[in-house]
Structures are given as structure tokens and as C-alpha cells.
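Have a look at the structure below, then the notes.
Below, the structure is given as C-alpha cells:
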């Protein structure tokens with residue numbers, strides 16, 4: 004019987020399994036390794052992902068559109084999906100757009116057992132000229148490549164995928180409601196499909212994209228949420244994978260989320276370490292606006308990308324716009340570690356201006372209060388106020404770019 | 004548009020999403036929560052898993068048996084599989100044994116996006132009377148229930164599942180080679196199948212069991228492996244899920260495994276924290292036999308179950324047998340934290356007797372050396388020796404029970 008190393012990808016790993024001489028390095032192994040970590044490059048073995056090979060098979064049974072007001076996030080999907088297979092031997096196969104359909108996978112496929120899976124969340128918007136736009140798609144492509152590399156799944160040409168996502172969106176554009184706040188949520192996903200139970204790098208994978216029409220996150224205006232500061236469970240750890248958009252980061256957070264919900268809180272605010280650093284919300288990054296004690300200046304703070312924080316595209320957009328448009332108004336913009344006690348102190352001293360989450364779904368999500376050690380920390384909103392000034396401004400700025408009201412390089416017209 | 008909370012399981016979560024009054028606790032939510040964490044109980048909502056409802060559909064195209072010597076771990080499967088669906092509304096549906104077949108799942112199924120998946124590894128053995136035996140199946144059932152509860156998947160009646168696994172094994176018993184060291188590897192797996200992208204507890208799940216005939220891990224006798232002590236990546240942490248058999252614990256370990264392999268090491272030995280505690284190997288627990296500096300006595304050490312260590316069934320069996328059979332010979336048996344420097348010191352002072360991994364696949368896996376900070380720590384084996392005395396003894400003891408040579412309550416005759 005062969006050892007576990009020989010199973011997973013016989014060709015690629017044969018040279019790794021054999022040697023017992025500890026100083027020998029296999030050139031083959033090194034190439035494999037380099038490919039795995041070269042997150043921004045395309046797969047160096049086999050065929051590249053080639054948009055010119057895209058084939059489109061249209062559905063013969065177009066779906067009926069749901070009324071826009073009934074849309075539920077990620078529940079209904081468009082007529083078609085994008086799909087492309089990858090194998091270690093041949094690289095990327097021919098990409099296809101096909102009718103939305105079930106995946107057929109062997110029950111031993113490694114995605115079911117070892118969580119070989121990563122994804123992205125992005126949106127397509129219809130502007131007031133009827134054009135369709137993506138928002139910073141290159142950021143999603145870059146992150147998906149980083150995520151896939153971290154779990155030994157293949158890399159791909161992000162421009163090629165963006166182009167083919169564009170084809171999918173154009174084909175299914177009738178699903179994008181023509182109203183502000185509505186969009187087509189896109190979910191690029193990569194899974195390992197190898198059908199053996201050996202624990203090793205997948206020898207085959209599937210990259211697919213599905214699309215779900217969605218309405219505004221806050222249809223009747225902002226509604227501030229409340230968070231439970233959580234330290235009994237820990238979302239991410241240095242040396243872990245909390246900065247990657249892996250399936251592995253999500254399932255373990257649901258039970259703490261249910262526990263918080265049972266006490267009336269919509270999400271967990273994940274604290275880290277003895278210092279109780281404020282990290283993120285699991286589905287959102289967190290921004291804190293306060294009057295800095297030392298400088299006396301207004302400061303917009305978010306946790307730095309230290310490996311435990313998801314590299315949010317909206318987070319990056321908020322930071323970029325804040326640097327461009329808030330610094331001139333006297334703000335400091337900081338990516339720095341901030342302790343929960345600093346947030347509490349600012350609240351107690353009337354220096355906490357506002358707190359909001361950032362993410363693709365809601366753009367910004369204002370926070371009313373944070374439960375911490377049995378106390379409810381008020382986050383600066385008045386009782387009848389559902390959003391702070393900065394959150395409101397950020398939503399307007401970002402939405403203005405997403406819907407093309409403002410010409411901006413972040414908006415990508417299909 | 005509804006909020007993320009209302010999507011995932013509308014019925015169960017409706018009461019969680021609405022209230023803003025922070026002190027109100029929803030009785031519904033509490034029941035849900037209690038079920039989630041009552042890892043040893045069966046699902047309290049809907050129907051129980053009922054073995055009396057099992058239906059069997061036999062294949063019309065039985066597979067040809069592979070020659071025993073060609074068997075590769077987890078690569079070929081038997082004629083049939085066990086499968087049962089669960090829904091939040093109805094509980095467990097009717098269990099079935101059906102021909103081995105592909106799973107058909109919506110591309111939005113939560114197992115593909117958020118790693119709602121957990122599994123077990125166990126084996127069926129043919130004894131010298133031709134009877135078929137399982138080894139401590141109740142431990143696997145208990146652990147699978149703990150794993151599923153941790154990621155908001157349903158619990159089930161472990162005795163009922165064991166009984167039905169027995170039916171599957173008997174139906175496919177021709178696949179178990181009649182030779183020492185051979186067995187039928189069983190892979191109970193539970194996945195979340197809900198087809199929406201909202202991040203919440205799955206409203207539906209699938210529990211399935213597939214079976215793969217396997218040969219002896221070391222067909223030509225033991226072959227000691229070498230490990231790379233790893234601190235740049237972290238497998239598990241306090242407050243995380245490293246003690247559960249979740250898919251989420253596996254994919255993130257593959258790239259470090261490839262890196263270790265590129266330097267000639269078969270597995271990572273995961274160190275934790277500034278203290279560099281020796282934890283486990285990811286696919287195995289670790290045992291260290293040394294002469295204790297303080298007591299002068301022989302000591303068999305393994306890391307304690309502090310939440311970062313998988314609760315291995317073989318680990319528990321090694322500990323149980325060691326307490327019963329080694330303590331009378333003057334050994335101390337310790338579940339305690341041990342630092343890498345303590346292991347190095349023992350090696351340098353000639354007090355390190357042997358090191359071995361424990362797991363279902365190999366039972367025990369002797370370790371020749373551990374790479375640590377650029378040095379190679381020799382783990383007590385002579386150059387021509389592939390296994391230490393304790394590892395050898397443990398393998399014989401456990402195999403003797405598994406194959407029914409020794410009557411023992413751990414062995415479960417079907």
C-alpha cells in the first residue's frame with residue numbers, strides 16, 4: 004500500500020515521497036511550492052485560463068424574474084453559471100457558461116472532507132445610462148488567487164476570469180433590477196474535486212461563478228446593528244488563514260453567532276488576545292471614528308492587515324476615500340491595533356464618534372452598541388439616529404462610484 | 004430585502020433577527036442553541052435518526068475487486084454507500100443504502116462556500132473466524148456529534164448510525180481482504196446542503212458513509228518517518244476548532260505540508276505559542292517516550308486535550324493500554340504540555356527513548372527525527388531500526404484487539 008503522499012497527486016508528489024535524505028531538495032517540489040505561493044501569478048503548469056476558449060450554452064427554460072422587493076440575498080440565481088475545470092496534468096480546461104445546474108461530485112471529493120474551497124463576493128451594478136459596471140474586480144481576482152494558493156488550489160489569470168464574468172453578467176443582465184441599491188451579487192468559488200481521501204494537494208479543481216440578484220441591504224434606510232464582543236471563541240490566529248476568504252473561516256463562527264443572536268446581538272465582534280484587540284466582525288471589517296486622546300484630532304481607525312483580518316475590498320475603498328477626502332478635513336486615518344478598552348474609554352469620555360462595519364453586502368453597516376463584559380458600550384449614535392456622518396458619507400461616496408454617478412477608475416464598465 | 008439573519012433558516016431565526024431590545028432572550032433561540040451545543044444528544048427537533056426505517060437498494064453492476072496489493076488508501080470504494088438527509092423542519096429523513104454514486108448539489112450549497120463539513124475515520128476488520136468487527140465505534144459517533152454541533156450541523160443517534168454502518172459493511176463485506184493488516188476504511192461525513200449564500204446555520208444537511216478497502220499502512224514492516232517542527236504556520240489555537248474533526252482543519256495545513264515535503268519531511272509537527280509546545284501532527288497525535296529528568300522513571304507523554312488537540316480514538320486507546328499495561332512495568336503515563344526544548348534536551352542527554360504518532364490509518368507511526376531550528380533531533384531509533392519498543396508493542400496490542408485475537412470490549416462484532 005502506498006503512503007499518503009503518493010496518493011494525492013501521484014505525478015507531482017512522487018518525488019516528495021521517496022527521499023529520506025534530508026538535505027536533498029527536489030526541483031520538482033520547489034517548482035510546485037513556488038507556484039503555490041505565487042499568489043498573483045497564473046498556474047505555471049498546464050494550460051492557462053483562456054477567455055478566448057469560452058463557450059456559451061444558453062438555457063432553454065429561462066426563469067421568471069422575482070419581483071425586486073422579494074429578493075433575498077443569495078437565494079435566487081440567474082439562468083446561467085460560469086464553470087471551468089482544472090487538473091494538475093493539463094491545467095485549465097475550456098471555460099463554459101452553461102445553464103445554472105447542480106454540481107455532480109463523487110462523495111469522496113476533497114471539498115467535502117478537507118474544506119478545499121475559497122470564494123469571492125462582488126457585485127454588478129446597472130448605471131443610469133443602462134450600462135453594467137463591476138467595482139474593483141481586480142481586487143477580487145487578486146484575493147481569490149491568494150486564497151486558492153493558501154490551500155494548494157491553482158491560480159488563474161484574473162483578467163481572463165473578469166472578462167468571462169462580464170460575459171455571464173451581460174448574458175443574465177435582465178436579472179439586474181433597474182433601481183438604486185439593487186445589483187447582481189456574484190460568487191466566484193473554487194473547490195477541490197479530487198476523489199480520494201488521502202490528505203494532500205488536490206489534483207483537480209472546479210472554478211465556478213453563480214449570480215444572485217439582490218436588493219439594497221437597508222431598503223428603508225440604515226438600521227444600526229449591535230455587536231457582542233467575543234473572546235471565548237476565536238475566529239483567527241497569527242499563522243492561520245483568517246486573512247484569506249476560505250470556507251474554513253466561516254462554519255466555525257456560526258455557533259458563536261447564534262449565541263450572540265440569542266442575547267439579541269446581530270454579529271460577533273472578534274477580540275484577540277489578552278490585549279483584547281478589536282479585529283473584525285467575520286462578515287465585515289470594522290471602522291471606529293473617535294477623537295484621539297493624545298492628538299485631539301478626529302481619527303478613523305481600523306485594524307491593520309496582520310494576517311488575522313480579511314483584506315476587505317470595501318475596507319480598502321473606505322481607507323482610500325478617507326485618505327483622499329477626510330484628511331483634508333483634518334482627520335487622521337489609521338490602520339492600527341486598537342484595544343477594546345480604548346474603545347470603551349473613548350465612549351465613556353464622549354470621544355467615540357461612530358462605529359461601522361464595511362463589506363460588499365451593505366457597503367457600511369452602522370453599529371449602535373457593543374456588548375462587552377456585561378456592559379453595553381454605546382457607539383455614539385443618538386437614540387433616533389441609525390447612522391453616523393462618516394458611515395453615511397462613505398455609503399454615498401462608494402455607491403456614487405459603483406453606480407457610475409462619479410467617474411472613477413474603480414468602476415469597470417462592461 | 005431581508006437581512007442576512009432571516010435568510011439562512013427563516014423559521015428558526017426569525018425570532019433572532021427582529022428584537023433590538025438587548026435583554027430579551029428568545030426561547031426559540033435558546034432551544035436552538037442548546038441543541039447545537041448538546042453534542043451527545045440527538046437532534047431535539049423533528050424526527051430521530053431511525054435505523055428501523057433503513058432501506059437498501061442493491062447495485063445492479065457490482066464492481067470488480069482490486070488485487071489487495073494494489074489498494075491505495077481512500078481511492079477505490081465499495082459497491083454501496085449509506086446516506087440520510089436532515090432538514091430543520093422535519094429532522095432526520097429515511098436512511099438509505101444505495102449504489103455508490105455521485106452527490107448532486109446546488110452550486111450555492113453551503114458546504115462549498117462556508118465549510119459546513121465534518122467527518123470520521125474508522126475501520127472494519129475481518130477476524131480469523133471470518134466475523135467482521137468495528138473498533139470502538141461509539142467513540143467515532145460521539146466525536147462526530149461533537150464536531151457537527153460545533154458547526155451548527157445536527158446531532159444524531161450514534162447507536163442507530165453504528166447499526167446502519169454495520170449493514171453497509173455486511174453488504175459490502177466481500178471488499179474486505181481476508182489478510183492481516185487489511186481492513187475496510189469507513190468515512191462517515193456530514194455536510195450542510197442548504198442552497199443559499201446567507202451565512203447562518205444550515206437548514207438542511209446530508210450524512211453519508213462511504214467505504215474504501217485498504218491494506219496495511221506499512222506492508223513491509225514499519226518505516227520511521229521524519230517531521231518538521233513548524234511554527235510559522237499554526238494549525239489550531241485556543242477558542243478555535245482544532246479539537247474537532249472538521250474539514251476546516253485540513254486544507255490550511257497542506258501548503259506547510261508541501262513545504263516540509265520539499266525539504267524531505269513527511270509531516271509537520273505543529274508547535275504552539277512562544278513556549279513551542281509540542282501539539283500534534285495534523286493527521287496523527289504524538290507520543291513521546293522519555294526518561295524523566297526529575298523522577299528518573301520512564302514516561303510516555305502526549306499533549307493534553309486542551310482544545311487544540313484532536314481527540315484521537317487511537318490516542319485514547321494507546322493511553323488506556325499504556326495505563327493498564329505499562330504502569331505495572333514502572334512507567335508514568337502523562338497527558339501534559341511538553342515543550343520542544345524539553346524534547347531536544349531529552350534527546351541531547353540520551354533520555355529520549357522513542358517518538359511515535361497515533362492514528363486510525365497506521366495505528367502507530369514511528370518517528371526517526373524532527374527538524375527543529377535547522378537542527379535534526381534524533382528520536383531514539385538506531386540507524387537500522389524502524390520502530391521503538393513501545394510503538395511495536397502498541398501496534399500489536401491494538402491490532403490484536405481490532406482483529407479479535409484478544410477478546411476485548413473495544414471490539415464490536417457485527
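Chains as they are written, first to last, in our numbering: chain B, 4 to 417; chain A, 4 to 417.
We put the CB at the ideal spot given by N, CA and C, even for glycine.
Computed from a prediction, not measured in an experiment: that's the story for all the values here.
{"Query": "If you draw a straight line from the C-alpha of residue 257(B) to the C-alpha of residue 95(B), how long is it?", "Result": "34 Å"}
{"Query": "Taking the straight line between their C-alpha atoms, what separation do you get for residue 223(A) and residue 343(B)?", "Result": "58 Å"}
{"Query": "Cα separation between residue 213(B) and residue 278(B)?", "Result": "41 Å"}
{"Query": "Pull out every residue of the region 203–225 of chain B whose Cβ sits closer than 8 Å to any Cβ of chain A, in chain order.", "Result": "203, 204, 211, 213, 215, 217, 218, 219, 220, 222"}
{"Query": "Does the beta carbon of residue 110(A) come closer than 8 Å to any beta carbon on chain B?", "Result": "yes"}
{"Query": "So is residue 70(B) buried or exposed if we call it buried at 16+ other beta carbons inside 10 Å?", "Result": "exposed"}
{"Query": "Suppose the cutoff is 7 Å on Cβ atoms and the five residues either side in sequence are ignored; what does the same chain contact list for residue 211(B) look like?", "Result": "84, 85, 86, 192"}
{"Query": "Relative to the C-alpha of residue 118(B), which residue among 186(B), 50(B), 197(B) is closest?", "Result": "197(B)"}
{"Query": "Please report the straight-line C-alpha distance between residue 415(B) and residue 147(A), rounded to a whole angstrom.", "Result": "47 Å"}
{"Query": "Would you give the residue range spanned by the beta strand (DSSP E) that residue 371(B) belongs to?", "Result": "366–375"}
{"Query": "Looking at the unbroken beta strand (DSSP E) that takes in residue 301(B), where does it start and where does it end?", "Result": "301–305"}
{"Query": "Do the CB positions of residue 161(B) and residue 145(B) come within less than 8 Å of each other?", "Result": "yes"}
{"Query": "Note down, in chain order, each residue of its chain lying with its Cβ closer than 7 Å to the Cβ of residue 74(A), except the 5 sequence neighbours on either side.", "Result": "216, 217, 218"}
{"Query": "Could you pull the DSSP bridge partners for residue 186(A) from this structure?", "Result": "217(A)"}
{"Query": "Tell whether a beta-carbon distance below 8 Å holds between residue 58(A) and residue 102(A).", "Result": "no"}
{"Query": "Let me confirm a value: residue 158(A) is counted as buried when at least 16 other C-beta atoms fall within 10 Å, else exposed. Which label applies?", "Result": "buried"}
{"Query": "Which residues, in chain order, does the region 245–258 of chain A contribute to contact with chain B at a C-beta distance below 9 Å?", "Result": "247, 249, 250, 251, 252, 253, 254, 255, 256, 257, 258"}
{"Query": "Using a cut-off of 8 Å between C-beta atoms, extract the partners of residue 240(A) located in chain B.", "Result": "237, 240, 243"}
{"Query": "Compare the C-alpha of residue 269(A) against each of 232(A), 411(A), 250(A), 391(A) and name the closest.", "Result": "232(A)"}
{"Query": "Identify the contact partners of residue 409(B) in chain A, using a Cβ-Cβ distance below 9 Å as the criterion.", "Result": "Residues of chain A passing the Cβ test: none, with the nearest at roughly 24 Å."}
{"Query": "Under 7 Å Cβ to Cβ from residue 246(B), same chain only, skipping five residues before and after it: list those, please.", "Result": "308, 310, 311, 312, 313, 314"}
{"Query": "Are residue 53(B) and residue 163(B) closer than 8 Å when you measure CB to CB?", "Result": "yes"}
{"Query": "Establish whether the CB of residue 107(A) and some CB of chain B are separated by less than 8 Å.", "Result": "yes"}
{"Query": "Taking buried to mean at least 16 other C-beta atoms within 10 Å of its own C-beta, is residue 93(A) buried or exposed?", "Result": "exposed"}
{"Query": "Compare the C-alpha of residue 403(B) against each of 359(B), 274(B), 183(B), 281(B) and name the closest.", "Result": "183(B)"}
{"Query": "Interface residues of chain D around residue 117(B) at Cβ under 7 Å?", "Result": "Considering every chain present, this structure includes no chain D. Its protein chains are B and A."}
{"Query": "For a quick check, are the C-beta atoms of residue 227(B) and residue 371(B) less than 8 Å apart?", "Result": "yes"}
{"Query": "With a 10 Å radius around its C-beta and 16 neighbouring C-beta atoms as the bar for buried, classify residue 271(A) as buried or exposed.", "Result": "buried"}
{"Query": "Return no unless some Cβ of chain A is closer than 8 Å to the Cβ of residue 363(B).", "Result": "no"}
{"Query": "Per DSSP, which residues does residue 415(B) bridge with? Please list them.", "Result": "137(B)"}
{"Query": "Bridge partners for residue 89(B) per DSSP, in chain order?", "Result": "95(B), 208(B)"}
{"Query": "So, is the C-beta of residue 261(A) closer than 8 Å to a C-beta in chain B?", "Result": "yes"}
{"Query": "Got a sec, what are the start and stop residues for the beta strand (DSSP E) residue 292(B) sits in?", "Result": "288–294"}
{"Query": "Give a yes or no on contact between the region 107–116 of chain B and the region 171–191 of chain B, applying the rule of three or more CB pairs nearer than 8 Å.", "Result": "no"}
{"Query": "Can you tell me whether residue 68(A) is buried or exposed, with buried defined as 16 or more other CB within 10 angstroms of its CB?", "Result": "exposed"}
{"Query": "Using a Cβ distance threshold of 8 Å, determine whether the region 273–293 of chain A contacts the region 334–342 of chain A, with at least three qualifying pairs required.", "Result": "yes"}
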